[in-house]
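Each remark here refers to the structure printed beneath this line.
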Amino acid sequence: MENTLKIGFVGGGQLAMMTALEARIISDYDFRINILDPSADCPAHKVAAEQIIGDFKDPTAIKRLAEISDIITYEIELGDVTALRELRNEGTEIHPSPETLEIIQDKLTQKKFLDQKGIPVPNFLEASNKDEIRRAVQDLGIPCLLKTRRDAYDGRGNFVIRRKEQIDLAHKKFVGKPVMVEEFVNFQKEVSIVVAKGRNEVAAYPPGENYHEDGILIMTRMPAKISKEVEREAERIARRTLKAFDDQGVFGIEMFVVNDKILVNEVAPRVHNTGHGTLEKSAFEASQFEQHLRAISSAPLRGTEIRKPVVMQNILGSKDSFIGPYTIMGANEVNILPGVHLYLYGKKEVRPLRKLGHLSVVGNEQERADGISDLSSDESNMDVLVSRARSAHSMLKVVPVGAYGN
Ligand SMILES: Nc1ncnc2c1ncn2[C@@H]1O[C@H](COP(=O)(O)OP(=O)(O)O)[C@@H](O)[C@H]1O
Ligand SMILES: [Mg+2]
7 MENTLKIGFV GGGQLAMMTA LEARIISDYD FRINILDPSA DCPAHKVAAE
57 QIIGDFKDPT AIKRLAEISD IITYEIELGD VTALRELRNE GTEIHPSPET
107 LEIIQDKLTQ KKFLDQKGIP VPNFLEASNK DEIRRAVQDL GIPCLLKTRR
157 DAYDGRGNFV IRRKEQIDLA HKKFVGKPVM VEEFVNFQKE VSIVVAKGRN
207 EVAAYPPGEN YHEDGILIMT RMPAKISKEV EREAERIARR TLKAFDDQGV
257 FGIEMFVVND KILVNEVAPR VHNTGHGTLE KSAFEASQFE QHLRAISSAP
307 LRGTEIRKPV VMQNILGSKD SFIGPYTIMG ANEVNILPGV HLYLYGKKEV
357 RPLRKLGHLS VVGNEQERAD GISDLSSDES NMDVLVSRAR SAHSMLKVVP
407 VGAYGN
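Mapping of the sequence shown onto our numbering: position 252 corresponds to residue 258, and the numbering continues sequentially without gaps.
See below:
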């Protein structure tokens, strides 16, 4: 087929996996997905065309990925920026750019960048030792958050300081790591917008409304239940953020709604967990994964309108989970529930709070009879979907291999 493009993903987790699966249903381009991942049996290994086994930060491994790919992109932010920049300077196409990645890899640099571009963010201060942390906490007030600047995910790099006495503990937890202090935002809601930017076009999905527990995403409902004004403002800020980065690809923009205003929490230069609902074919013309491939290849983007409400719930290892090989019981029962779609990532081992899969519940035709523009105000409908997601989720049990004769 003409239009064959080999896309090299730094990272072979579930995001690369879902992108590779979606690549197969794209009719006008023949995308092949290569991956770089240290683990031979990472989630994407079964569906990738080729895999380089190596570390995301290993320049030779990234070079080898570039040798077998037309375009380099990422599913995690850990790629080595220096190696990527060298490759790009030698002519490799890389989207998002190493410059974008460099800004985003450091939460402090990222917040400063957004702030300079006039994008509203929570108040924050740099702090490089205990005294500076103490001073920053005093300036920003309690509660506030100590955040590690680099390599943070799923809330693991955050410490909420609720009392002055916790400063020592917080400092100790992240000792040796560069940190920053941020005001605690008493938000009404957390929302996010997944937005694709191609060479000359931008396509934004409607905001999702997100529920986190201990800093980790539990559930996203699309559309968010926010006023039209807040929705417009969120979209305006998402577009402005993309303009600031002046890049190509799908970006996930996490935001707080506070007093009906928007503050940007952070930006991910990749497909985003809160966008998994876009996989639902009856609700969306194209998923965020397809859009990402199109955006980085300068292929025409597709529509982002929502046709039916979707509730997405993550399937995580429990807080006190065992570590090791596991089986998920109850998948067959969940699979036969109407409107419920189960996605398991095939990770070999469970760990506490590890993302093992997700499920989506889509509203049916009857439920959308009131019309698309009212999707978000149809509260009772959304509530039904949320409780369907919860009850489907509760049917799943993560058990050690060998338990119950599995
Ligand atoms: N300034 C803040 N005020 C209140 N809650 C916050 C703040 N920053 C983060 N959080 C909460 O913690 C979650 C994870 O924080 P985030 O900075 O996005 O870290 P990560 O990189 O781990 O996703 C957020 O989604 C939000 O629920
Ligand atoms: Mg986050």
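Don't be surprised by glycine CBs; every beta carbon is placed ideally from N, CA and C.
Return the residue from the list the options that minimises the CA-CA distance to residue i.
i: His-101; options: Glu-83, Lys-117, Val-263, Glu-219; result: Glu-83
i: Val-390; options: Val-368, Leu-114, Lys-403, Val-404; result: Val-368
i: Glu-215; options: Ala-305, Gly-258, Pro-358; result: Gly-258
i: Val-405; options: Ser-393, Asn-370, Val-392, Asp-326; result: Asp-326
i: Gly-345; options: Leu-365, Phe-328, Ile-334; result: Leu-365
i: Asp-64; options: Met-335, Gly-17, Met-388; result: Gly-17
i: Phe-165; options: Tyr-159, Ala-176, Asp-157; result: Ala-176
i: Gln-297; options: Ser-288, Ile-109, Ala-209; result: Ala-209
i: Phe-15; options: Leu-71, Ile-329, Asn-338, Asn-135; result: Leu-71
i: Asn-279; options: Ile-109, Tyr-351, Asn-95, Phe-180; result: Tyr-351
i: Val-181; options: Leu-146, Asp-145, Arg-141, Ser-134; result: Ser-134
i: Asn-206; options: Gln-172, Lys-170, Lys-249; result: Lys-249
i: Ile-110; options: Val-87, Gly-97, Val-143, Glu-235; result: Val-87
i: Ser-393; options: Thr-226, Val-356, Glu-237, Gly-19; result: Thr-226
i: Lys-267; options: Ile-243, Ala-202, Val-273; result: Ile-243
i: Leu-42; options: Val-236, Glu-73, Ile-224; result: Glu-73
i: Gly-161; options: Leu-27, Glu-56, Glu-219, Asp-47; result: Glu-219
i: Val-236; options: Leu-269, Thr-247, Ile-224; result: Leu-269
i: Val-53; options: Ala-67, Pro-44, Ala-22, Thr-79; result: Ala-22
i: Gln-415; options: Ala-395, Ile-13, His-399; result: Outside the shown range of the chain, which is 7 to 412, sits residue 415, and nothing can be said about it.
i: Pro-6; options: Leu-120, Ile-224, Glu-189, Thr-310; result: Nothing about residue 6 can be read from this structure; the chain reaches only from 7 to 412.
i: Pro-315; options: Arg-245, Met-228, Asn-338, Leu-359; result: Met-228
Could you check whether the Cβ of residue i sits closer than 8 Å to any heavy atom belonging to ligand 1?
i: Phe-262; result: yes
i: Asn-216; result: yes
i: Pro-358; result: no
i: Glu-188; result: yes
i: Lys-153; result: yes
i: Phe-193; result: yes
i: Asp-145; result: no
i: Asp-112; result: no
i: Asn-341; result: no
i: Tyr-211; result: no
i: Asn-95; result: no
i: Pro-128; result: yes
i: Asn-164; result: yes
i: Glu-196; result: yes
i: Gly-221; result: yes
i: Gly-161; result: yes
Residues in the same chain with beta-carbon distance under 8 Å from residue i, minus the five sequence neighbours each way, listed in chain order, please.
i: Leu-114; result: Phe-130, Glu-132, Arg-155, Pro-184, Met-186
i: Gly-204; result: Gln-254, Arg-300, Ala-301, Ser-304, Ala-305, Pro-306, Leu-307
i: Val-264; result: Val-191, Asn-192, Phe-193, Gln-194
i: Ile-139; result: Ala-133, Leu-152, Ile-173, Ala-176, His-177, Val-185, Val-187
i: Ala-375; result: At Ala-375 the pLDDT is 41, less than 50, meaning the model places this residue with poor confidence; the figure from the coordinates comes in the next sentence. There are no such residues.
i: Lys-403; result: Ile-334, Met-335, Gly-336
i: Arg-1; result: With the chain covering 7 to 412 only, the question about residue 1 has no answer from this structure.
i: Leu-27; result: Val-53, Phe-295
i: Thr-79; result: Ile-13, Gly-14, Phe-15, Val-16, Ile-100, His-101, Pro-102, Gly-255, Arg-276, His-298, Ile-302
Please tell me whether residue i and residue j are closer than 9 Å, where the distance is taken between their beta carbons.
i: Ile-77; j: Ile-302; result: yes
i: Arg-168; j: Ile-199; result: no
i: Tyr-211; j: Ile-125; result: no
i: Asn-341; j: Ile-222; result: no
i: Lys-195; j: Ala-230; result: yes
i: Lys-118; j: Ala-89; result: no
i: Leu-285; j: Tyr-349; result: yes
i: Met-261; j: Ala-292; result: no
i: Lys-354; j: Pro-331; result: yes
i: Asn-271; j: Val-191; result: yes
i: Gly-336; j: Met-401; result: yes
i: Met-24; j: Val-317; result: no
i: Ile-334; j: Gly-363; result: yes
i: Val-256; j: Ala-202; result: yes
i: Phe-295; j: Thr-106; result: no
i: Ala-46; j: Ile-39; result: no
i: Arg-232; j: Val-197; result: Going by the sequence as given, residue 232 is Ile instead of Arg. Yes.
Can you list, in chain order, the residues of its chain whose CB lies under 6 Å from that of residue i, leaving out five sequence neighbours each side?
i: Ser-103; result: Asp-253
i: Gly-377; result: Low confidence applies here, because Gly-377 scores a pLDDT of 44, under 50, leaving its location unreliable and the question unanswered by this model.
i: Ala-142; result: Leu-131, Ala-133, Val-187
i: His-282; result: Met-318, His-364
i: Leu-93; result: Ala-72
i: Ala-398; result: Val-340, Leu-343, Val-346, Leu-365
Tell me whether residue i, by its Cβ, gets closer than 8 Å to a heavy atom of ligand 3.
i: Ala-158; result: Among the ligands in the structure shown, ligand 3 does not appear; only ligand 1 and ligand 2 can be found there.
Quick one: what's got a C-beta closer than 7 Å to residue i's C-beta in the same chain, skipping five residues either side?
i: Asn-370; result: Gly-345
i: Asp-145; result: Leu-131
Taking 9 Å as the threshold (beta carbon to beta carbon), is residue i in contact with chain C?
i: Asn-206; result: This model lacks chain C altogether; it includes just one protein chain.
(request) With ligand 2 as the reference, list in chain order each residue whose Cβ lies under 7 Å from any of its heavy atoms. (result) Going along the chain, the residues that qualify are Glu-260, Asn-271, Glu-272.
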